[in-house]
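Quick note: the sequence shown uses this note's numbering, first residue 133, plus one each step. Below you'll find the structure, written out as structure tokens, and then a few comments.
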Amino acid sequence: MVKIGDIQLPDFPLLLAPMEDVSDPPFRALCKEHGADVVYTEFISSEGLIRDAAKSIMKLDIYEKERPVGIQIFGANLESMLQTIDIVEKSNPDIIDINFGCPVKKVVSKGAGAGILKDVCLMEQLTAEMVKRTNLPVTVKTRLGWDHDSIRIVEVAERLQDVGCKAISIHGRTRAQMYKGNADWGPIAEVKNNPRMHIPVFGNGDVDTPEKAMEMRDVYGLDGCMIGRASIGNPWFFKQVKHFFNTGEHLAPTSLEERVDAARRHLQMAIDWKGEKLGVFETRRHYTNYFKGIPNFKEYRSKMVTSDDSGDVFAAFDEVLEVFSGYEFV
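Structure follows, in structure tokens:
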């Protein structure tokens, strides 16, 4: 049994990574249905919350069916981050997660996200003070280091644990790599194998098949796996991994009917949550993966991703069911 604070999770839990404009309540709900053990919100700017920015406030929405759910925040100013804790607690999450890993320039340039990897002492101080501010478990998501020459993740993880961090998720790339090249899980395993570490160590990066999840568990010995890009338009990935763990066999491919139903529900939940315009726009990124593999699909995908009218998108779903009836995914 893996525990984050007092939260009990199954052996080798699967976590949905926080992803900007992806891991919103509709998508989290679908992933939870299909086996995600913990889900995280999109990352939320501490400065945005303090300014009462509408987009940041909206990201605090969580629902009972998602639990356990973590709200992830980022920032580099101690006072702002502490004020953010007070705001976030009102949404009653199960976990507060600190983003020390986002590589995007607009975040890094403010010293936040992966930018803080240049100042491990500040990283430690922010974590320590945030732990003191709340009774909720505080966790961290980070990267191996700023670049290849500054990887100190074993030391960093130990220092964060020692000031009260209850779990750490580590993406197997440096900030300099962004998302290029292959994730290196070796240093994450070094963190896990450090005899002083006793909090859960979760791996992240490049887990896009059940076999890779199993490798992260059995070869690298990590406590769990945080899944990001592989889940986009594919909320069934969590179920596929668990089926493989339990049987050693691949789950049968998701049927066309299941895919259309998920896409339809996803869009409707998005509209119900954020309104017609944003709901239609922000769900588009998922359709390519929902229907990946169908030949001669360009015409239908175009209808889904170019129309601003939900009626047109729902009609395109119906058309796909009719035109590709009987198609079997491999």
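All residues carry an ideal CB built from backbone N, CA and C; glycine is no exception.
- In the displayed model, Ser-188 falls within a helix according to three-state DSSP.
- In the structure shown, His-303 adopts extended strand secondary structure according to DSSP, grouped into three states.
- Restricting attention to Asn-267, Ala-161 and Glu-287, the CA atom closest to the CA of Cys-253 is found in Glu-287.
- By the C-beta criterion, the segment 200-207 is judged to be in contact with the segment 217-229, since at least 3 inter-stretch pairs fall below 8 Å.
- Assigned with DSSP and collapsed to three states, Asp-218 falls in helix.
- In the DSSP assignment, Ile-139 forms a beta bridge with Ile-136.
- The same chain holds no residue with a CB closer than 6 Å to that of Ile-189 once the five nearest residues on each side in sequence are set aside.
- The segment 135-150 and the segment 163-171 touch, with three or more beta-carbon pairs separated by less than 8 Å.
- The three-state reading of DSSP puts Met-262 in helix, counting H, G and I together.
- Excluding residues up to 5 positions away in sequence, Ser-188 lie with their Cβ nearer than 6 Å to the Cβ of Gly-180 in the same chain.
- Contact annotation, Ile-217 with Thr-266: C-beta distance approximately 5 Å; criterion of less than 8 Å satisfied.
- The beta-carbon separation of Val-134 and Gly-356, rounded to 6 Å, stays under the 8 Å limit for a contact.
- In this structure, Thr-386 sits away from Leu-399, with a CB-CB distance that is not shorter than 9 Å.
- Residue burial is scored here from C-beta neighbours: Glu-174 has at least 16 other C-beta atoms within 10 angstroms and is therefore classed as buried.
- The straight-line gap separating the alpha-carbon atoms of Leu-249 and Arg-328 is approximately 21 Å.
- Per DSSP, Asp-229 lies in no alpha helix (DSSP H); the unbroken beta strand (DSSP E) holding it starts and ends at 227-232.
- Looking at the backbone, the Cα of Gly-167 and that of Gly-407 are separated by about 27 Å.
- Phe-376 and Glu-343 have their C-alpha atoms roughly 8 Å apart.
- Residue pairing by DSSP puts Val-201 in a beta bridge opposite Val-171.
- Leaving aside the five residues that flank Val-462 on each side, the residues in its chain whose CB is nearer than 8 Å to its CB run, in chain order, Pro-385 and Gly-425.
- Taking 9 Å as the cut-off, the beta carbon of Trp-317 is found no closer than this to the beta carbon of Leu-292.
- DSSP places Asn-378 in the helix class (H, G or I) of the three-state scheme.
- The continuous beta strand (DSSP E) containing Phe-334 extends over residues 333-336.
- Following the DSSP letters along the chain, one finds Thr-271 inside the beta strand (DSSP E) bounded by residues 270-275.
- The C-alpha of Ile-364 is placed about 22 Å away from the C-alpha of Asp-450.
- Look at the segment 322-370 and you find these whole runs of beta strand (DSSP E), each 3 residues long or longer: 333-336 and 356-359.
- In the same chain as Ala-289, and ignoring 5 residues on each side of it, the C-beta atoms closer than 6 Å to its own belong to Ile-300 and Val-323, in chain order.
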